[in-house]
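Working notes, beginning with the structure itself.
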Amino acid sequence: MVTPSTTSQLDRIRELILPTLSFLGYELYDLALAGSGASTTLRVRIDRPEGVTLDDCERVSKSVSALLDQADPFPTRYELEVSSPGAERPLRNLEEYRRFIGRRANVRYRLGDSEQVAEGRLTAVSDDMIELQLGEGKHLRTVAIPLLDIVSSRLAVDLSRH
Numbered sequence: 372m373v374t375p376s377t378t379s380q381l382d383r384i385r386e387l388i389l390p391t392l393s394f395l396g397y398e399l400y401d402l403a404l405a406g407s408g409a410s411t412t413l414r415v416r417i418d419r420p421e422g423v424t425l426d427d428c429e430r431v432s433k434s435v436s437a438l439l440d441q442a443d444p445f446p447t448r449y450e451l452e453v454s455s456p457g458a459e460r461p462l463r464n465l466e467e468y469r470r471f472i473g474r475r476a477n478v479r480y481r482l483g484d485s486e487q488v489a490e491g492r493l494t495a496v497s498d499d500m501i502e503l504q505l506g507e508g509k510h511l512r513t514v515a516i517p518l519l520d521i522v523s524s525r526l527a528v529d530l531s532r533h
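In structure tokens form, the structure reads like this:
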């Protein structure tokens, strides 16, 4: 459960680690606290345009751990987890849609009174709409989805790229 004190604690941690992440060349994708009391886990998800490797996570973990040890923001022991957003990360805003043009995406959207799911290659993004290219060969078609109608979206694993 996220409480006002958890939010303020996360804000303090965010302010503490952002300059170091930026200096190291990473962006903070997400920051979360899980558990409470003696079993608190701080989850730091990092990103960068070329993707995140295990070595990146280890490098950030060492740096963030040293910062947290010095600032001591937790009253009890805590675990630190550093990871990437993952191969099927959520697409949360216009900037992320633009960043991943050319990649496969899975989009759940409203169409009238129902919801539809489309999975295809993200081919275009405007201020109010995205376009997905669906199908292959002769069955290729493009669907335009208004941003306001999107319920959820994420990157999809693209098996053709492997």
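Per the numbering used here, the very first residue in the sequence shown carries number 372; after that it's consecutive. Just so it is clear, CB atoms sit at the ideal spot from N, CA and C, and this is done for glycine as well. All of these numbers come straight from a predicted model, not from anything done at the bench.
As assigned by DSSP and simplified to three states, the class of residue i
{"i": "serine 393", "result": "helix"}
{"i": "threonine 378", "result": "helix"}
{"i": "valine 488", "result": "strand"}
{"i": "isoleucine 472", "result": "coil"}
{"i": "alanine 527", "result": "coil"}
{"i": "valine 423", "result": "coil"}
{"i": "alanine 405", "result": "strand"}
{"i": "arginine 481", "result": "strand"}
{"i": "arginine 383", "result": "helix"}
{"i": "leucine 439", "result": "helix"}
{"i": "leucine 462", "result": "coil"}
{"i": "histidine 533", "result": "In this prediction, histidine 533 scores a pLDDT of 45, lower than 50, which makes its location untrustworthy; no coordinate-derived value is stated."}
Those residues which DSSP pairs with residue i across a bridge
{"i": "alanine 515", "result": "Glu502"}
{"i": "aspartate 418", "result": "Glu398"}
{"i": "glutamate 452", "result": "Arg414"}
{"i": "valine 431", "result": "DSSP, once it has assigned bridges, lists no residue as partnering valine 431."}
{"i": "valine 496", "result": "Ile501"}
Supposed contact pair residue j and residue i - C-beta distance, whole angstroms, cut 8 Å
{"i": "tyrosine 400", "j": "aspartate 418", "result": "4 Å"}
{"i": "alanine 476", "j": "leucine 518", "result": "About 13 Å separates the two Cβ atoms, so there is no contact after all."}
{"i": "tyrosine 449", "j": "leucine 413", "result": "6 Å"}
{"i": "arginine 430", "j": "serine 454", "result": "Contact flag wrong, Cβ pair sits at about 13 Å."}
Distance CB(residue i)-CB(residue j) smaller than 8 Å
{"i": "leucine 381", "j": "leucine 404", "result": "yes"}
{"i": "leucine 387", "j": "leucine 438", "result": "yes"}
{"i": "methionine 478", "j": "serine 410", "result": "Just to set this straight, residue 478 is valine in the shown sequence, not methionine. No, Cβ-Cβ distance for valine 478 and serine 410 is not below 8 Å."}
{"i": "arginine 474", "j": "aspartate 440", "result": "no"}
{"i": "arginine 385", "j": "proline 444", "result": "no"}
{"i": "alanine 489", "j": "valine 522", "result": "no"}
{"i": "aspartate 520", "j": "arginine 460", "result": "no"}
Interface flag, residue i vs chain B, CB-CB below 8 Å
{"i": "asparagine 477", "result": "This model lacks chain B altogether, as it is built from one protein chain only."}
Is there contact here, the region 502 to 521 with the region 473 to 493, by at least three beta-carbon pairs under 8 Å?
yes
State whether the region 480 to 488 contacts the region 452 to 472, with contact taken as three or more CB pairs (one from each stretch) at a distance under 8 Å.
no
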